[in-house]
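**Student:** Count the sequence shown with the numbering used here and you get residues 1 to 161, in order.
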Amino acid sequence: MSFEALGLHTSIVKAVSVAGYEKPTPVQEQAVPAGIAGRDLLVSSQTGSGKTAAFMLPALNKFANQEAAPIGRTPAQEAQAAKARGERVRFKPAQPKMLVLTPTRELALQVTSATEQYTAFMRRIRAVSILGGMPYPKQMQLLSKNPEILVATPGRLIDHM
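1) On the three-state DSSP scale, how would you describe ILE36?
2) Run the proximity test for TYR118: is its beta-carbon closer than 7 Å to any non-hydrogen atom belonging to the ligand ADP?
3) Would you identify the three-state DSSP class for VAL43, choosing helix, strand or coil?
4) Using the rule of at least 16 other Cβ atoms within 10 Å of the residue's Cβ for burial, across every protein chain shown, is ARG85 buried or exposed?
5) Among the residues of its own chain, which have a CB less than 6 Å from the CB of VAL16, if the five just before and after it don't count?
6) Is MET56 buried or exposed, if buried means 16 or more other CB atoms sit within 10 Å of its CB?
7) Provide the residue span of the beta strand (DSSP E) that contains SER129, from first to last.
8) Can we say the region 112 to 127 touches the region 25 to 43, given the rule of at least three CB pairs closer than 8 Å?
9) Provide the residue(s) that pair with MET1 in DSSP beta bridges, ordered along the chain.
10) Thinking C-alpha only, which one of GLY133, LEU143, MET161 and MET134 is nearest ALA94?
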């Protein structure tokens, strides 16, 4: 079976091919079509069996198949415009379209890195990690760009909320 046969968008198929994935793992063969169909997934498998792609690829497929949204200003651009008009700059919280919670910072970084690979040929999809051990100002800077995908550890997510 191929990634194309799973029903993934061509931009995702291209990205996984460039990332070196030749064919889906057994976990992916089962989980990706179910995820694309909108079913809930509970996947338990060995380390290295492809679970990250098994849950991220169907979610990214949904992003890829959505019509392009009208391009608006990012919160940072809005703040710049308000400042230029002499208005008081107000903080606007990020509004990610997808939240991925991970139990550890290492897994959060792994998921973010994999997501960046899978979205290499998609436009306007940004994933950021919010986790312990990273300075708050850096995280606030990442959040100010209003990422579509937020990968976080529970404790740091609560801190930002």
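Here a beta-carbon is modelled for each residue, glycine too, at the ideal position from N, C-alpha and C.
Keep in mind it's a predicted model, so treat the numbers as computed, not measured.
**Tutor:** Reading it off the structure:
1) As a working note, residue 36 is residue 36 in the sequence shown. Of the three classes helix, strand and coil, the one that applies to ILE36 here is helix, per DSSP.
2) Of the ligands one can find in the structure shown there are none, so the ligand ADP has no counterpart to examine.
3) In the sequence shown, counting from the first residue as 1, residue 43 sits at position 43. VAL43: coil per DSSP, three-state reduction.
4) Counting from one through the sequence shown, the residue named residue 85 turns up at place 85. With fewer than 16 other Cβ atoms within 10 Å, it is exposed.
5) Here residue 16 refers to the residue found at position 16 when the sequence shown is read from its first residue. The residues are PHE3.
6) Against the sequence shown, residue 56 aligns to sequence position 56. Buried is the call here.
7) As a position in the sequence shown, residue 129 is number 129, starting the count at 1. 127 to 130 is the extent of the beta strand (DSSP E) around SER129.
8) Taking 8 Å as the limit for Cβ pairs, the verdict is that the region 25 to 43 does not touch the region 112 to 127.
9) Numbered from 1 along the sequence shown, position 1 holds the residue referred to as residue 1. For MET1, DSSP assigns no beta-bridge partner whatsoever.
10) Here residue 94 refers to the residue found at position 94 when the sequence shown is read from its first residue. Measuring from the Cα of ALA94, the nearest candidate turns out to be LEU143.
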